[in-house]
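Chains as they are written, first to last, in my numbering: chain E, 1 to 303; chain D, 1 to 695.
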């Protein structure tokens, strides 16, 4: 099935679920903000994650179509899906619909990574690189240090409780991989859910004083969930879209809340990067940027 | 940007060819929209040619902030043709690196070049200010393409004049920014690489700025850069394969430049590196970077505290604690709340350090006020944990129970401040359980389970242990089976071990053997498929030792009087660990079972020599001495052995029972009754595995 046919199919089935979106065309599928807000609202309904939910079925089918644009469309809703899903775990509601979508995303990543972990080799400055020459004898002691950023994935057919965090985390890693193609609304949604997941009010880390309020919806935050969350927040705060004031504010608040949470957990592994993000984003707010590419302004104009 | 202007008098002046004229007349003409007249005026006044006049005019407009006007002026110049004309002047030139020949002609041509290139540069800046980023980027790119063609062997050091170099450096720095602003991220990456990998003769500050800007892009843009082209790769040099590697490399280079005194200190470099290395689970590499920084960059206390965080994050708690001890010294910064909490947390994991931890936790509590008050609950939690651990090595009964109740008090106060902290709920449950307040323990354990949605393995295990302590074995088994359903294969080890023990408690030894067999198969499969590379560090936490399984089986067979099978299992276990007090203890049990009490006693003595604090051996020793009907001096040994065992494990019912028997033998009926009562009470609330296995 070609991309266009798949899009038309997707629109047809979507309009059966959300009649107001019937007038969408394949070309506007990705750009129409109505789609995002309507589906997002529907996903927050009380029983939205159930196994027989039509919208979840549509999201699952659309992602499985294999068409890149359609997959991006589904990926946009990951913050809402993940957020609502994790918040409702404590209520013991059956959420087979959400789980199906999450597993589809997880399976996609499992296939594309081919059983390999995502790893990074830590450079050693004593050996030369493309950006620098190393003077003196290189430190040829042993093998280079390989750091595993994301361990190899095992396939999962169902969401087992102890694997839940990893599955959602991997879905978030996929979200991060495509994040520059995600709309701002999706990112803002993500930041808001971070605040909920932290379950901690971050007001005390604002520059101005504030009171402490209890925030509902705290979820366990193991590293496999925190790591992609921190990367996505880094993008929201310091990436090329940080001129969007609403996103920046939402991300700053999420950062503060997560920092408060990591302090309460006394989790040094997470305190370090989140603290750095807070410092860097505060600097952004303070500094009046000097443009080094601006030519000096003088009254003397000469050749 | 606009300097104050009176009606017709401008403060600006034109300088060229040795003359200077005021800019007011020209500005007036431009204001009227008369570019041609303005140009003519300039040409006359300063004897300029067409291009030079236009270039100056454009500059003036730009300085005045009339970017659209500037663009109009620049449009009048055929910049493309100008560039073409420049090229032949240089194409025959040999780049003489050492000699100073041909200074004359290059300087004139360079002058013309810098004029044209500056004009294009200002055009690009103007377009940038009008937010026409793609066009601006194209213009900027033309500069670099032109320079590359003109100086095709790279910009030689001596011969380029400052003006030209300045334009080129600015253009090199501007281009990637423009592509970024235009949203063309692939072009931005190429521009960054071009800036850093080609020879532009940039000064160190400019180079550092571009490197840092590239790092920010690599780390946070979310656009994965394809690896650098093969053209720039030299044999043996490190080529980064993805964004993180490239960013970390550049950050390390920037730090190195600072350490060599080439650039000024920029704290954001360290923050970015912290982010990058933390994301890669490499806080130990980060610690190394902190250490390599020169003293004085950070205040030594901040350095120690950051290092402590890095080391603790990498699991090197001992080193972290040493650093924290330094920074929390009374002459340094004894009231830093983060350090106090971290130190307390590290101490809370080791009974030998628990006393020290109590001190840190108490200081943390007294420091948690004002804006930091929200951390008081955390401090109380640490206090509770440390007191609980301290109780384990208490030297007297009184001290132990005192510490335990204080621990419980702290945790209860903590939870009033932090009712949603799931770790705290868990720790409270464990404390209640160790206190044998099983009802409260079960309530908290259920709360923890609900809060975490069953996603944490220890939630399941705790429930099973508490239920088993309440002697509700079949329910415990139900929970175990549910847990097995909800966990991935590699985490099931501890659950299977619990299941086997549950079967034993329910007097179904054959089922227990079956379960052990299954567990053995699992562990052996685990060993085969993982080898050295772990799938996840989480799995490490939940791995069951093959040795433990063989040992457990040996004990099981011994209890069934299947001596041969027990021997086989012992042998297997011995292959894995030769000298183990636990194994020798089982040997002793086997000897006892076969009626060989002397040999059994020898075994227990050997075991205690191996491990002086091995409780089951002490108990067995005491029991054997009493059984063998030896003289009263041996009975003293037995009594001290059992008392010792009770000192280490206060709630060991077997020890109490044996001690009771000893008292009875000696005629101390009251003491015996007390012991038997203790043993009986404990039996009613004994979990199948100690609660400390999950705390």
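Every residue, glycine too, gets a C-beta built ideally from N, C-alpha and C.
Should the stretch 82–94 of chain E be called in touch with the stretch 123–133 of chain E, which here means at least 3 C-beta pairs below 8 Å? no
- Length of the line joining the Cα atoms of residue 478/D and residue 485/D: 11 Å
DSSP beta-bridge partners of residue 238/D:
129/E
**Prompt:** Who are the near neighbours of residue 679/D in its chain, counting only those whose CB is closer than 6 Å to its CB and skipping five residues on each side?
**Reply:** Contacts found: 653, 656, 657.
Give me the Cα-Cα distance between residue 72/E and residue 181/E, rounded to the nearest whole angstrom. 8 Å
Range of the contiguous beta strand (DSSP E) that encloses residue 22/D: 19–22
- Could you check how far apart the C-beta atoms of residue 624/D and residue 597/D are, in whole angstroms? I think they sit under 8 Å. At roughly 6 Å, the Cβ-Cβ gap stays under 8 Å, so residue 624/D and residue 597/D are in contact.
| For residue 14/D: DSSP bridge partner residues | Paired residue(s): 301/E, 21/D.
Report the residue from 371/D, 480/D, 643/D whose alpha carbon sits nearest the alpha carbon of residue 619/D. 643/D
Worksheet item: How is residue 122/E classed by DSSP in three states: helix, strand or coil?
Response: strand
field: residue 70/D versus residue 192/D - alpha carbon distance
entry: 28 Å
Could you tell me which residues DSSP puts in a beta bridge with residue 146/E?
-> Beta-bridge pairing links residue 146/E to 121/E.
**Prompt:** The alpha helix (DSSP H) with residue 259/E in it runs from where to where?
**Reply:** 245–265
- prompt: Expressed to the nearest angstrom, what Euclidean distance is found between the alpha-carbon atoms of residue 282/D and residue 314/D?
  reply: 7 Å
key: Closer than 8 Å at the beta carbon, the chain E residues around residue 279/D   = 149, 227, 230, 231, 273
- residue 279/E versus chain D: which residues are under 7 Å apart at the beta carbon? 271
**Request:** Ignore the nearest five residues each way along the sequence and tell me which others in residue 413/D's own chain have a CB closer than 6 Å to its CB.
**Result:** 380
**Item:** Boundaries of the alpha helix (DSSP H) in which residue 289/D is found, first to last residue
**Value:** It spans 283–292 - the alpha helix (DSSP H) in which residue 289/D sits, taken as one unbroken run.
Task: Separation of residue 583/D from residue 555/D, as counted between CA atoms - done: 9 Å
Kindly say whether residue 209/D, judged by its beta-carbon, lies nearer than 7 Å to any beta-carbon of chain E. yes
query = Three-state secondary structure (DSSP) at residue 622/D?
reply = helix
Practice prompt. Leaving out five residues on either side along the sequence, give the residues of the same chain with a beta carbon under 7 Å from the beta carbon of residue 15/D.
Written response: none
Could you please give the first and the last residue of the uninterrupted alpha helix (DSSP H) stretch that includes residue 640/D? 632–648
>> I want to see whether chain B comes within less than 7 Å of residue 199/E, judged by CB atoms only; does it?
In response: Absent from the structure: chain B. Protein chains present are E and D.
message = Using the Cβ count rule (16 or more neighbours within 10 Å means buried), how would you classify residue 398/D?
response = So residue 398/D ends up on the exposed side.
| said: For residue 495/D and residue 480/D, which I take to be in contact (beta-carbon distance under 8 Å), what is that distance rounded to the nearest angstrom? | reply: 6 Å
Review point. Hey, how far is the Cα of residue 122/D from the Cα of residue 205/D?
Key: 22 Å
Compute the distance between the beta-carbons of residue 66/E and residue 97/E, then report whether it is under 7 Å.
-> no
Counting only C-beta atoms, is residue 30/E closer than 7 Å to chain D at any point? For residue 30/E, the closest Cβ of chain D is not nearer than 7 Å.
From the DSSP output, in three-state form, read off residue 94/E for me.
-> coil
Practice item. Just the chain E side, please: which residues come within less than 8 Å of residue 185/D by C-beta, in chain order? Key: 180, 240
Exercise. Apart from the five residues just before and just after residue 187/E, which ones in its own chain have a Cβ nearer than 6 Å to its Cβ?
Worked result: 236, 247
- Assuming residue 435/D contacts residue 408/D (C-beta within less than 8 Å), just tell me the rounded distance between them. Between residue 408/D and residue 435/D the Cβ distance is about 6 Å, and since that is below 8 Å, they are a contact.
* To do: State the CB to CB distance for the pair residue 28/D and residue 12/D, rounded to an integer number of angstroms; the pair is presumed to be in contact (CB under 8 Å).
  => Between residue 12/D and residue 28/D the Cβ distance is about 12 Å, and since that is not below 8 Å, they are no contact.
Verify whether the separation of the beta carbon atoms of residue 265/D and residue 275/D is less than 7 Å.
Cβ atoms of residue 265/D and residue 275/D: not closer than 7 Å.
Show which residues of chain D have a CB atom less than 7 Å away from the CB atom of residue 93/E.
Within chain D, no residue comes near residue 93/E; the closest Cβ sits about 11 Å away, beyond 7 Å.
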